[in-house]
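Visitor: Can you read through this structure? Questions will come right after.
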Amino acid sequence: MAAGISRDIEAVRGAIKHRWTTSPVEGQINRLKTLKRQMYGRAGYALLRSRVLMAA
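The numbering used here numbers the first residue of the sequence shown as 10 and each following residue consecutively.
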């Protein structure tokens, strides 16, 4: 782990310096991908679209 941190020291410094993260966006993407996986092979785009809009 220490070798990985020293290899990516700029990212570590940036995370300490700046208070914002992309966690909310990553959470939304993860939720949409999970929904897409659940809907694989079902009725099609219209059903997927309605499920995504209902989940939002």
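Every residue, glycine too, gets a C-beta built ideally from N, C-alpha and C.
I'd like to know if the segment 34–49 and the segment 57–64 are in contact, where contact means that at least 3 CB-CB pairs between them fall below 8 Å.
Guide: In short, these stretches touch, since the Cβ pair count reaches three.
Visitor: Just verifying my parser: in three-state terms, what is the DSSP assignment at T31?
Guide: Note: T31 maps to coil in three-state DSSP.
Visitor: If you check the beta carbons only, do R69 and A64 fall under 8 Å apart?
Guide: Any answer about residue 69 is impossible in this case: the structure gives the chain only from 10 up to 65.
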